[in-house]
Amino acid sequence: MSRLRVASLQYYMRPVERFEQFADQVESLVWTAKDYNCKLMVFPEYFTAQLLTLNNVKVPIKEQIRHLAKYEERIVTLMKRLSNESGLYIVGGTLPAMDPPDEVTVYNECYIYSPNGNWDVQGKLHMTRFEKEEWIISPHKKMKVFDTEIGKIAITICYDVEFPELVRAAARQGAYLLIVPSSTDDRQGFLRVRYCAQARAIENQMYVVHSGTVGSLPMVPAVSLNYGQASILTPSDFAFSRDGILAEGIPNQESMVIGDLDMDRIVETRESGTVLPLTDSMSTAEVTSNLEVVNL
31 MSRLRVASLQ YYMRPVERFE QFADQVESLV WTAKDYNCKL MVFPEYFTAQ
81 LLTLNNVKVP IKEQIRHLAK YEERIVTLMK RLSNESGLYI VGGTLPAMDP
131 PDEVTVYNEC YIYSPNGNWD VQGKLHMTRF EKEEWIISPH KKMKVFDTEI
181 GKIAITICYD VEFPELVRAA ARQGAYLLIV PSSTDDRQGF LRVRYCAQAR
231 AIENQMYVVH SGTVGSLPMV PAVSLNYGQA SILTPSDFAF SRDGILAEGI
281 PNQESMVIGD LDMDRIVETR ESGTVLPLTD SMSTAEVTSN LEVVNL
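Residues are numbered in the numbering used here as their position in the sequence shown, beginning at 1, plus a constant of 30.
Below, the structure written as structure tokens:
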């Protein structure tokens with residue numbers, strides 16, 4: 031597909047009293063993206079934490095997260111249906127997930143849904159301190175590239191985008207599009223993800239779609255605040271948008287950022303761009319293997 035219209039959400043976190051309220055919010059966003067003729071839409075990391083407000087928010091957060099993981103099947107069923115009915119590829123943000131019968135170990139997983147009914151999962155590979163120390167979330171061990179009718183897609187969940195080796199490996203396997211679902215509670219955290227997402231677009235000559243949470247859940251201290259700004263980022267070269275930003279939202283407002291990706295342009299810039307960082311990086315391993323420490 032040479033042209034691809036994508037939607038990236040600034041997903042508003044609001045308290046819910048029933049699962050159906052959450053489902054209604056998700057469904058309305060999917061059909062809005064469909065109305066704008068999008069083929070791909072992206073939800074952010076931990077947007078499913080809205081559902082924490084259905085249960086006891088006074089118990090330790092590690093217990094709340096394990097209770098939230100029990101909604102996995104209902105969430106997956108909802109998203110599969112919406113992808114099939116709308117004809118959209120949906121990157122379904124992330125949710126805490128368990129692997130029964132083990133109900134202690136929890137992972138942070140991002141499902142990607144195809145309208146043909148297929149789906150797969152990219153797990154988060156590096157845990158932030160609060161995930162590791164307070165939520166007791168365990169990392170996955172495998173990076174994937176998803177080969178779809180709209181192109182090859184890679185996903186790095188929030189903190190994972192700060193590890194450039196992951197995306198470089200995906201780009202070398204033909205990924206032209208990187209999805210970055212994130213959830214950050216302050217400007218510093220948001221900028222760490224945003225700046226690294228922009229760097230991955232430049233050094234791998236690829237599009238990056240960044241989605242984040244906004245709004246607040248004041249009754250849930252662990253996720254009470256959100257700072258987010260969705261964006262669609264490009265390489266920095268003459269063929270692309272000024273400043274390498276195809277589209278971005280106004281920070282911390284509920285919104286949907288939409289843009290048209292020219293996939294042929296990525297192919298061209300990897301072959302004949304002003305610089306060729308993806309190709310030229312093939313010599314990096316040799317250079318680093320001969321690293322020399324010099325005392326002065």
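Backbone N, C-alpha and C define an ideal beta-carbon position, used for all residues, glycine too.
Just so you know, these numbers come straight off a predicted model, no measurement behind them.
Q) Under the DSSP definition of a beta bridge, which residues are partnered with residue 291? A) Note: residue 291 sits in a beta bridge opposite 34.
Q. Can at least three beta-carbon pairs, one atom from the region 277-295 and one from the region 120-131, be found at a separation below 8 Å?
A. They do not touch, by the three-pair rule.
Q.
Quick check: what's the CA-CA separation for residue 67 versus residue 35?
A. Rounded to whole angstroms, residue 67 and residue 35 show a C-alpha spacing of 7 Å.
(Q) Quick check on the burial criterion: 16 or more other C-beta atoms within 10 angstroms. Buried or exposed for residue 265? (A) Note on residue 265: 16 or more other CB atoms within 10 angstroms of its CB, so buried under the neighbour-count rule.
Q) Is DSSP giving residue 180 helix, strand or coil here? A) Looking at residue 180 - three-state DSSP - the assignment turns out to be coil, as it is neither helix nor strand.
Q) Between which two residues does the alpha helix (DSSP H) containing residue 278 stretch? A) Where residue 278 is concerned, there is no enclosing alpha helix (DSSP H), although the beta strand (DSSP E) around it starts and stops at 275-278.
Q. Terminal residues of the continuous alpha helix (DSSP H) containing residue 137?
A. If you look at residue 137, you'll find it isn't in any alpha helix (DSSP H); it sits in the beta strand (DSSP E) that goes 132-143.
Q. Leaving out five residues before and five after residue 121 in sequence, what residues of the same chain have Cβ atoms less than 6 Å from its Cβ?
A. Answer for residue 121: 72, 142 and 209, listed in chain order.
(Q) At the level of alpha carbons, what is the spacing between residue 242 and residue 109? (A) Separation of residue 242 and residue 109 (C-alpha to C-alpha, rounded to the nearest whole angstrom) is 18 Å.
Q. If you count every other CB in all the chains shown that lies within 10 Å of the CB of residue 146, and 16 or more means buried, which is it?
A. It counts as exposed.
Q. Are the region 197-205 and the region 170-178 touching, with three or more C-beta to C-beta distances below 8 Å?
A. Under the Cβ criterion (8 Å, minimum of three pairs), the region 197-205 counts as touching the region 170-178.
Q: Would you mind giving the Cβ-Cβ distance between residue 81 and residue 98, rounded to the nearest angstrom? I have them listed as a contact below 8 Å.
A: Approximately 6 Å separates the beta-carbon atoms of residue 81 and residue 98; this is inside 8 Å, confirming the contact.
Q) Among 51, 215, 191 and 64, which residue has its Cα nearest to the Cα of residue 83? A) Here the closest residue by C-alpha is 51.
Q: With a threshold of 16 other CB atoms inside 10 Å of the CB of residue 225, please say whether the residue is buried or exposed.
A: So residue 225 ends up on the exposed side.
(Q) Looking at the secondary structure, which residues open and close the alpha helix (DSSP H) in which residue 187 lies? (A) It is not in any alpha helix (DSSP H) - residue 187 carries neither H nor E in the DSSP assignment.
Q.
Here's a check: name, in chain order, each residue in its chain whose Cβ is nearer than 8 Å to the Cβ of residue 298, leaving out the five neighbours to either side.
A. Result list for residue 298: 269, in chain order.
Q: If I'm right that residue 187 touches residue 152 with Cβ under 8 Å, what's the distance once you round it to whole angstroms?
A: With 8 Å as the limit, residue 187 and residue 152 qualify as a contact, their Cβ atoms being about 7 Å apart.
Q: Please list, in chain order, all residues of the same chain as residue 276 whose beta carbon is under 6 Å from its beta carbon, the five residues on each side excluded.
A: Excluding positions up to five away in sequence, the list reads 262, 264 and 289.
Q. Do the CB positions of residue 91 and residue 252 come within less than 7 Å of each other?
A. For residue 91 and residue 252, yes; Cβs fall inside 7 Å.
Q: Starting from residue 194, trace the alpha helix (DSSP H) both ways and give me its first and last residue.
A: For residue 194, the enclosing alpha helix (DSSP H) starts and ends at 194-202.
Q: May I have a chain-ordered list of the beta strand (DSSP E) segments no shorter than 3 residues that lie completely inside the region 98-133?
A: For the region 98-133, the full-length beta strand (DSSP E) segments reaching 3 residues or more read 119-122 and 125-129 along the chain.
Q.
For residue 42, list the residues DSSP reports as bridge partners.
A. Answer by DSSP bridge pairing, in chain order: 244.
Q) Given residue 227, which residues of its chain have a CB within under 8 Å of its CB, disregarding the five upstream and five downstream residues? A) Shown here for residue 227: same chain residues with a beta carbon closer than 8 Å to its own, the five before and five after excluded, namely 191, 208, 210, 238, 240, 261 and 263 in chain order.
Q.
I'd like the list of long-range same chain contacts for residue 291, defined as Cβ closer than 8 Å, with 5 residues on each side in sequence excluded.
A. Closer than 8 Å at Cβ, skipping near neighbours: 33, 34, 35, 36, 207, 237, 262 and 276.
Q: With distances taken Cα to Cα, identify the nearest neighbour of residue 194 among 46, 235 and 163.
A: For the residues 46, 235 and 163, the minimum Cα distance to residue 194 belongs to 235.
Q: Go to residue 153, then tell me how far its alpha helix (DSSP H) extends in each direction, as first and last residue.
A: Element bounds for residue 153: not the alpha helix (DSSP H) but the beta strand (DSSP E), 149-153.
(Q) Quick check on DSSP: helix, strand or coil for residue 211? (A) In the structure shown, residue 211 sits in a strand (DSSP, three-state: E or B).
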